[in-house]
Amino acid sequence: MRPPVGSERLVINELLMSGSWEELRRWAWRSPGHIDILESNVVVHLLEGLVRDGGDRRFAALIDSRVTLCSQAKGRSSSRALTRPLEKSCALQIAGSLYPSYSFAPSRLNVADDPTRRQAVRAACRPRPDWLEHADLLDWLLTRLPTAKACAAWLRLVCLLLGSSGLRALRTALAEGRRLAPAPALCGVPGQGSGGGRWTATGVARVPVKSEKSEFAPVFHRAGLLHH
Numbered sequence: 005m006r007p008p009v010g011s012e013r014l015v016i017n018e019l020l021m022s023g024s025w026e027e028l029r030r031w032a033w034r035s036p037g038h039i040d041i042l043e044s045n046v047v048v049h050l051l052e053g054l055v056r057d058g059g060d061r062r063f064a065a066l067i068d069s070r071v072t073l074c075s076q077a078k079g080r081s082s083s084r085a086l087t088r089p090l091e092k093s094c095a096l097q098i099a100g101s102l103y104p105s106y107s108f109a110p111s112r113l114n115v116a117d118d119p120t121r122r123q124a125v126r127a128a129c130r131p132r133p134d135w136l137e138h139a140d141l142l143d144w145l146l147t148r149l150p151t152a153k154a155c156a157a158w159l160r161l162v163c164l165l166l167g168s169s170g171l172r173a174l175r176t177a178l179a180e181g182r183r184l185a186p187a188p189a190l191c192g193v194p195g196q197g198s199g200g201g202r203w204t205a206t207g208v209a210r211v212p213v214k215s216e217k218s219e220f221a222p223v224f225h226r227a228g229l230l231h232h
């Protein structure tokens, strides 16, 4: 059984829902344009602002457009319309010594979308889990493969049940290739009872322990620049 394919990461989703965010900047576009081009131009605005602030930094940004995310991460696109903003992005990164890390933010959780809909930036909707405060667990969770929406929700439940100490035990067990029993609270859930599968950090599913690791993919948001 292959791990579920998706774009969502537990850590990113949790930061969007439990973090306190504020609007830093907004503007109106001079003329209408294709959404993918406008999204790419937002990234250019972000880079320009960082260069004006002195540049020479590493930063993370969340993007809810897969087209923008992938093209900005690669630095190129087969679309001629996207070439111009991508060239600007590359020039700004080189000139300003900028090292961006882009990750996907689901539109339903993207707080930067609120001002574009004439709404106030939403407040945190849940307390921040303790494992978000531990750098070693964040690094480990961010190296897991991105997963589908439903699996990301199940993975969050597992993390809440285990807590920081339980997650460290899970990390150790997976590294050693040991077979794990499902958490008692999940017994009886369809597909999650006892059986021959093994738990992995890519989602609540019975899949082989041996799986690929993806690097912490490059991050951004949409039309209002926010900071956390």
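Under my numbering, the first residue of the sequence shown is numbered 5, with each subsequent residue one higher.
Glycine included, C-beta positions come from ideal geometry on N, C-alpha and C.
Requested in this report: Assign Ser75 to one of three DSSP states: helix, strand, or coil.
Outcome: For the purposes of this step, residue 75 is identified with residue 71 of the sequence shown, where counting begins at 1. Reduced to three states, the DSSP call for Ser75 is helix.
Query - Secondary structure, alpha helix (DSSP H): runs of 4+ residues fully inside the segment 16 to 66 - result: Scanning the segment 16 to 66 for uninterrupted alpha helix (DSSP H) segments of 4 residues or longer gives 39 to 56, listed from N- to C-terminal end.
Report task. Specify, as a first and last residue, the run of the alpha helix (DSSP H) that Pro104 falls within. Result -> Taking the first residue of the sequence shown as 1, we reach residue 104 at position 100. Under the DSSP assignment, Pro104 falls outside any alpha helix (DSSP H), being part of the beta strand (DSSP E) whose first and last residues are 102 to 108.
Query - Segment contact flag, the segment 28 to 41 with the segment 167 to 174, C-beta cutoff 8 Å, min 3 pairs - result: No, the segment 28 to 41 does not touch the segment 167 to 174.
Query raised in the report: Roughly how many whole angstroms lie between the Cα atoms of Leu178 and Asp143?
Result: To locate residue 178, count along the sequence shown from 1; it is residue 174. To locate residue 143, count along the sequence shown from 1; it is residue 139. The straight-line gap from Cα to Cα measures roughly 15 Å.
Requested in this report: Using 10 angstroms around the beta-carbon of Tyr103, count the other beta-carbons present and answer buried if the total reaches 16, otherwise exposed.
Outcome: One-based indexing of the sequence shown puts residue 103 at position 99. So Tyr103 counts as exposed.
Requested in this report: Work out the CA separation of Lys153 and Leu159 for me, nearest whole Å.
Outcome: Taking the sequence shown and counting its residues from 1, one reaches residue 159 at position 155. Taking the sequence shown and counting its residues from 1, one reaches residue 153 at position 149. If you take the alpha carbons of Leu159 and Lys153, they lie about 10 Å apart.
Requested in this report: To the nearest angstrom, report how far apart Arg29 and Thr120 are at their CA atoms.
Outcome: As a position in the sequence shown, residue 29 is number 25, starting the count at 1. As a position in the sequence shown, residue 120 is number 116, starting the count at 1. Taking C-alpha positions only, Arg29 is separated from Thr120 by approximately 12 Å.
**Report entry** Neighbour-count burial assignment, Ser198, 16 or more Cβ in a 10 Å radius
**Finding:** For the purposes of this step, residue 198 is taken as the residue at position 194 of the sequence shown. At Ser198, the pLDDT of 41 sits below 50, so the modelled position is not reliable; the number obtained from the coordinates is stated separately. Under the 10 Å beta carbon count, Ser198 is surrounded by fewer than 16 other beta carbons and is classified as exposed.
Query - Spatial distance of Phe108 from Gly37 (CA atoms) - result: Taking the first residue of the sequence shown as position 1, residue 108 is located at position 104. Taking the first residue of the sequence shown as position 1, residue 37 is located at position 33. For Phe108 and Gly37, the distance between alpha carbons rounds to 22 Å.
Requested in this report: Inspect the beta-carbon positions of Ser75 and Leu51 and report whether they are closer than 8 Å.
Outcome: Here residue 75 refers to the residue found at position 71 when the sequence shown is read from its first residue. Here residue 51 refers to the residue found at position 47 when the sequence shown is read from its first residue. Contact flag unset, no.
Query raised in the report: Residue range of the alpha helix (DSSP H) that Ala157 falls in?
Result: Walking along the sequence shown from the start, residue 157 turns up at place 153. Boundaries of the alpha helix (DSSP H) harbouring Ala157: 153 to 180, taken from the DSSP string.
**Report entry** Chain-order list of residues whose beta-carbon lies under 8 Å from that of Cys129 (same chain, five-residue window excluded)
**Finding:** Along the sequence shown, one-based indexing puts residue 129 at 125. Only residues of its own chain outside the window of five on either side were considered, and among them Met21, Ser22 have a CB closer than 8 Å to the CB of Cys129, listed in chain order.
Requested in this report: Mark Ala99 as exposed unless 16 or more other C-beta atoms lie within 10 angstroms of its C-beta, in which case mark it buried.
Outcome: Residue mapping note: residue 99 aligns to position 95 of the sequence shown, counting from 1. Burial check for Ala99: the Cβ neighbour count within 10 Å stays below 16, so the residue is exposed.
Query raised in the report: For Glu12, which beta-bridge partners are listed by DSSP?
Result: Along the sequence shown, read from residue 1 onward, the residue named residue 12 stands at position 8. According to DSSP, Glu12 bridges with Thr151.
Requested in this report: Give the secondary structure of Ala99 by DSSP, where H, G and I count as helix, E and B as strand, and everything else as coil.
Outcome: Position 95 of the sequence shown, counting from 1, holds the residue named residue 99. Correct three-state label for Ala99: helix.
Query - Outcome for Glu180 when other beta-carbon atoms lying within 10 angstroms are tallied against a minimum of 16 - result: Numbered from 1 along the sequence shown, position 176 holds the residue referred to as residue 180. Flag for Glu180 reads exposed.
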